[in-house]
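Novice:
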Amino acid sequence: MYGTPRAEQTIKIAAILGQMSSNTIVAYEDVTTDGLLTAVLEGDLDLDTADEVRDSLAAAATGTGCRYLHVDVGRLGFIDSYALGALVSARNSAAAAGVTLTLTNASSPVRKAVQVTGLAHVFGMPAETEPAEKAGRSAE
1 MYGTPRAEQT
11 IKIAAILGQM
21 SSNTIVAYED
31 VTTDGLLTAV
41 LEGDLDLDTA
51 DEVRDSLAAA
61 ATGTGCRYLH
71 VDVGRLGFID
81 SYALGALVSA
91 RNSAAAAGVT
101 LTLTNASSPV
111 RKAVQVTGLA
121 HVFGMPAETE
131 PAEKAGRSAE
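Okay, so the sequence shown: first residue is 1 according to the UniProt record's numbering, each after it adds one.
Given below as structure tokens:
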């Protein structure tokens, strides 16, 4: 797909991924010359939408020629445990295809859910540390 005109490349990505019927929107940016594909999720990711998003991300990882799939979750207002499992499944499908899937720009609800479940390392997110004030220590 490298060297393909942007419009044609976008059409190919859309053809591979199909249309989403859920209320969660997945928008894909073009694959860059270094193999980066960015998917932007918007809305709520839950039991009703997670399977379709998982399938879309897995298809993107295996069918677009990317080497890196960054999933921008900054516009998600809600995520449940089922959806986290679906993202882990998409990450595993990507890894099996030699693609690194990471979550980027995590919204507060996503960051909290990922941290609470201990999945930060799975998605390439930094582990959040407790502020010194909350841990009973003074910040110096």
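From the three backbone atoms N, C-alpha and C, an ideal C-beta is built for every residue, glycine too.
Would you grab the beta carbon distance between Ala121 and Ala113 for me? Rounded to a whole angstrom, and I think it's under 8 angstroms.
Specialist: In the sequence as presented, Ala is not what sits at residue 121; that position holds His. Not confirmed; about 15 angstroms, so no contact.
Novice: What's the gap between the Cα of Leu84 and the Cα of Ala96?
Specialist: If I take the Cα positions, the gap works out to 18 angstroms.
Novice: How long is the line joining the alpha carbons of Asp48 and Asp34, rounded to whole angstroms?
Specialist: In a straight line, the C-alpha of Asp48 is about 34 angstroms away from that of Asp34.
Novice: Give the DSSP-derived three-state secondary structure of Ala39 in the structure shown.
Specialist: Three-state result, Ala39: strand.
Novice: Rounding to the nearest angstrom, what Cα-Cα distance links Asp72 and Leu41 in this structure?
Specialist: Taking the straight line from one Cα to the other gives about 6 angstroms.
Novice: Out of Ala50, Val110, Ser108, Ala58, which one is the CA nearest neighbour of Thr38?
Specialist: Out of Ala50, Val110, Ser108, Ala58, Ala58 has the C-alpha closest to the C-alpha of Thr38.
Novice: Going by the CB atoms, is the gap between Leu101 and Ala90 shorter than 8 angstroms?
Specialist: Going by C-beta atoms, Ala90 is nearer than 8 angstroms to Leu101.
Novice: Following the continuous beta strand (DSSP E) through Thr102, name the residue where it begins and the one where it ends.
Specialist: Start and end: 100 to 104.
Novice: Considering only residues of the same chain and omitting the five flanking positions on each side of Glu29, which have a CB-CB separation below 6 angstroms?
Specialist: For Glu29, where only same-chain residues beyond five positions count, the Cβ hits under 6 angstroms are Thr38.
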